[in-house]
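Take a look at the structure below.
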Amino acid sequence: MSTEKKVSNSRIGTQLFVGVLANLSILVAGTGFGWSSPSLPKIVNDENEFPVTPGQSSWIASALVIGAVFGPIVSLIMVDRVGRKSTLLATAFPNLICWILIYFAQSYKWLMIGRLITGIGVGMTYTTIPLYVGEIAQVSVRGALGTIFNICFNVGTLICYSIGPFVTRQTLALICMTFPILFFISFFWMPETPYFYLMHKRGESAEKSLIWLRGNKDVKDELQEMADLVEIEQRNSGRLIDLVIVKGNRKATIIVLGILSAQQFSGIGAIQAYGSIIFNQSDVQLNSDIVVIIMGIVTLVSSGITTLVVDRFGRKPLMIVSTFGCSLCLLFIAIYFHLKYCAVDVSVILWLPVVTMILFFIFYSFGNGPLPYAILGEIYPTNVKAWATMLISIYGSITGAIVTKIYQVVADGWGEHAIFYTFAVAEIIFLFFVIFVMFETKGKSFREIQEHLGETKLSNNKS
């Protein structure tokens with residue numbers, strides 16, 4: 001499009017800079033998720049001052065994603081009223097409170113409360129980041145900016161994986177406490193999105209924001225295109241029911257729910273929460289904490305590669321490769337645990353869990369990890385985007401809580417192989433969904449995406 005050509009030569013460094021600072025909120029969320037793997041084994045083994053049973057530990061692991069169910073509701077109330085930026089800044093407070101409670105906790109109850117509170121902050125972040133990043137980015141870098149989400153999340157988990165095994169619960173909480181503070185201070189100075197200003201008829205503020213983001217004063221054409229799109233979309237105020245009754249929104253919701261299901265039912269939440277325990281059960285001849293750190297490094301590097309290639313190869317091919325690769329890795333892990341469960345000598349393949357898990361995280365980072373929320377940020381019109389991100393984030397939190405909680409139940413009742421077979425079959429099912437239902441959004445403007453979804457009125461009605 002002509003608008004894209006005019007901005008394509010402008011500096012993208014500013015957008016990347018703002019995108020990274022915004023995604024520090026995701027790094028904060030990553031520390032919350034990463035805390036479980038090094039901390040739960042210590043707590044269960046009575047290495048702290050109060051005992052926690054294995055059953056209670058599974059609730060501690062799940063508490064974050066349970067709390068995350070409520071975060072999107074808070075975001076929905078805030079994002080279209082006070083703005084995307086202010087909502088993101090607000091996420092720092094529940095996360096900070098969480099680490100204070102974990103630091104001072106003297107019982108299981110306070111750990112649960114802290115984890116539930118940080119879950120609210122995580123749910124708010126997951127809802128708001130796709131909105132903010134999707135609305136500040138030009139088309140040519142939108143995919144790359146969207147995948148920074150996964151990089152920052154993996155940095156957060158890696159911090160806990162790397163430090164957690166070697167320090168006390170209180171020390172880890174103090175370290176993690178610094179990140180919401182750092183995020184708030186650094187992101188405070190960043191701009192609100194032009195789309196939000198246009199939604200509130202603040203054209204001058206929208207222009208200043210866009211000039212700052214593009215590093216170019218010649219933004220009139222792009223700003224006019226944004227204004228036209230917002231005007232068209234706001235003719236009908238967005239409602240939750242519009243996600244079902246409007247054809248384009250319905251298609252978008254089916255697609256995002258499908259690819260987010262591929263992410264959650266890969267078992268990623270359980271694998272991250274119980275990483276150390278899983279490797280202890282697999283009898284690998286390496287320290288399980290070291291293996292988990294290796295996993296975190298591999299995931300981070302793979303996420304960085306995805307950021308570099310997502311706008312070259314496209315979202316759909318990466319999702320296909322990712323889902324297929326994850327299903328194979330999960331199948332091999334399930335077979336290993338099945339052989340071990342049947343008392344078959346697995347001494348010659350003790351390397352298999354580590355190798356397949358490394359490959360799993362590589363494949364996961366190519367698509368299943370970063371792309372669902374990146375696509376969420378670019379596939380909905382502005383009038384329903386807040387509703388959509390709330391719905392999708394709640395769904396992701398509920399499925400994540402179910403997967404994390406049910407892992408321990410199934411593993412205890414039927415063996416680890418049963419749950420990994422389940423994850424593998426789920427990924428195969430969602431592979432067919434990606435192949436036959438998902439469409440490519442690479443290089444498409446918001447208008448072109450809506451036209452592809454069937455909302456042809458965007459190109460035909462202009463006032």
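The numbering of the sequence shown is full-length UniProt numbering, which starts it at 1 and goes up by one.
Glycine is no exception: its CB is placed at the ideal position from the N, C-alpha and C atoms.
Fair warning: this is a prediction, and the values are worked out from it, not measured in the lab.
Endpoints, the alpha helix (DSSP H) within which Trp59 is located: Run containing Trp59: 54-67, per the alpha helix (DSSP H) assignment.
Length of the line joining the Cα atoms of Val346 and Ser209: So the alpha carbons of these two residues sit roughly 60 Å apart.
Distance, Trp99 Cα to Gly134 Cα: If you draw a straight line from the Cα of Gly134 to the Cα of Trp99, it comes to about 30 Å.
Separation of Val437 from Leu64, as counted between CA atoms: Each residue's Cα considered, the two are about 31 Å apart.
8 Å Cβ cutoff met for Met78 and Ala90: The answer is yes: Cβ separation under 8 Å.
For Val284 and Val292, believed in contact at Cβ under 8 Å, the rounded distance: Taking 8 Å as the upper bound for CB-CB distance, Val292 and Val284 are not in contact here, some 11 Å apart.
Residue from His452, Phe361, Ile398, Trp414 with nearest C-alpha to Ile120: Scanning His452, Phe361, Ile398, Trp414 for the CA closest to the CA of Ile120 turns up Ile398.
Reduced DSSP secondary structure (H/G/I, E/B, other) of Lys201: Coil.
Cα-Cα separation, Thr118 to Met112: The straight-line gap separating the alpha-carbon atoms of Thr118 and Met112 is approximately 10 Å.
Segments of 4+ residues assigned as alpha helix (DSSP H) that fall wholly inside the stretch 307-368: With a minimum length of 4 residues, the continuous alpha helix (DSSP H) runs that stay inside the stretch 307-368 are 315-341, 352-366.
C-alpha gap between Ile375 and Ile102, whole angstroms: Each residue's alpha carbon lies about 34 Å from the other.
Thr356 to Ile297 span [Cα, whole Å]: Taking the straight line joining both Cα atoms gives about 15 Å.
Alpha helix (DSSP H) segment containing Phe436, residue limits: It spans 416-436 - the alpha helix (DSSP H) in which Phe436 sits, taken as one unbroken run.
Assumed close pair Gly434, Ala227 - CB separation to whole angstroms, cut-off 8 Å: Note on identity: in this sequence residue 434 is Val, with Gly being the wrong assignment. Between the beta-carbon of Val434 and that of Ala227 there is about 35 Å, and that puts the pair past the 8 Å contact cut.
Among Tyr274, Leu229, Thr193, Pro317, nearest to Gln15 - alpha-carbon criterion: Minimum Cα-Cα distance from Gln15 among the listed residues Tyr274, Leu229, Thr193, Pro317 corresponds to Thr193.
Of the residues Leu145, Leu76, Arg169, the one placed nearest Gln106, counting alpha carbons only: Of the listed residues, the one whose Cα sits closest to Gln106 is Arg169.
Nearest neighbour of Ala29, chosen from Ser58, Leu96, Val18, Phe17 [CA to CA]: The shortest C-alpha to C-alpha distance from Ala29 to any of Ser58, Leu96, Val18, Phe17 is the one to Leu96.
Ser276 beta carbon less than 8 Å from that of Ile362: Cβ distance not < 8 Å, so Ile362 and Ser276 don't count as in contact.
Span separating the alpha-carbon of Phe337 from that of Gln56: Looking at the two C-alpha atoms, the distance is approximately 25 Å.
Gly215 at chain D interface by Cβ criterion, 8 Å: No chain D appears in the structure shown, which is made up of a single protein chain.
Presumed contact (8 Å Cβ cut-off) between Gln408 and Ser58, rounded CB distance: At roughly 4 Å, the Cβ-Cβ gap stays under 8 Å, so Gln408 and Ser58 are in contact.
Rounded C-alpha distance that separates Tyr341 from Gly415: Their backbone Cα atoms lie some 7 Å apart in a straight line.
Tyr336 Cβ short of 7 Å to the ligand COA heavy atom set: This structure does not include the ligand COA; it has no bound ligands of any sort.
Cβ-Cβ separation, Thr157 to Ser75 (assumed contact under 8 Å), whole Å: Ser75 to Thr157, Cβ: 22 Å. No contact.
Length of the line joining the Cα atoms of Ile73 and Arg447: Ile73 and Arg447 have their C-alpha atoms some 27 Å from each other.
Three or more C-beta pairs below 8 Å linking the stretch 299-313 and the stretch 183-197: No, because fewer than three Cβ pairs between the stretch 299-313 and the stretch 183-197 fall closer than 8 Å, the two stretches do not touch.
Ile129 vs Ile254 beta-carbon contact at 8 Å: With a cutoff of 8 Å on beta-carbon distance, Ile129 and Ile254 are scored as not near each other.
Distance, Val410 Cα to Gly443 Cα: The straight-line gap from Cα to Cα measures roughly 43 Å.
Beta-carbon proximity of Ile358 to Met295, cut-off 8 Å: Yes, they are a contact pair.
DSSP-derived helix/strand/coil call for Tyr161: In the three-state DSSP reduction, Tyr161 falls in the helix class (H, G or I).
Beta-carbon separation (whole angstroms), Pro370 vs Thr53, contact threshold 8 Å: Taking the Cβ atoms as the reference, Pro370 lies roughly 36 Å from Thr53, outside the contact range of under 8 Å.
Neighbourhood of Arg239 by C-beta distance below 8 Å, restricted to the same chain and skipping five residues each side: If we look at Arg239 and ignore the five residues flanking it on each side, its Cβ neighbours are Val384, Trp387.
Sequence-distant residues of its chain with Cβ nearer than 8 Å to Leu213 (five each side left out): In the same chain as Leu213, and ignoring 5 residues on each side of it, the C-beta atoms closer than 8 Å to its own belong to Thr14, Gln15, Val18, Ile136, Pro191, Pro194, in chain order.
Contact check, Phe196 vs Arg115, beta carbons under 8 Å: Phe196 is not a Cβ neighbour of Arg115, given a cutoff of 8 Å.
Three-pair Cβ contact test at 8 Å for the stretch 422-432 versus the stretch 315-335: Yes: the two stretches touch, three or more of their Cβ pairs being nearer than 8 Å.
For Thr31 and Phe179, believed in contact at Cβ under 8 Å, the rounded distance: With a Cβ gap of about 6 Å, Phe179 and Thr31 count as contacting.
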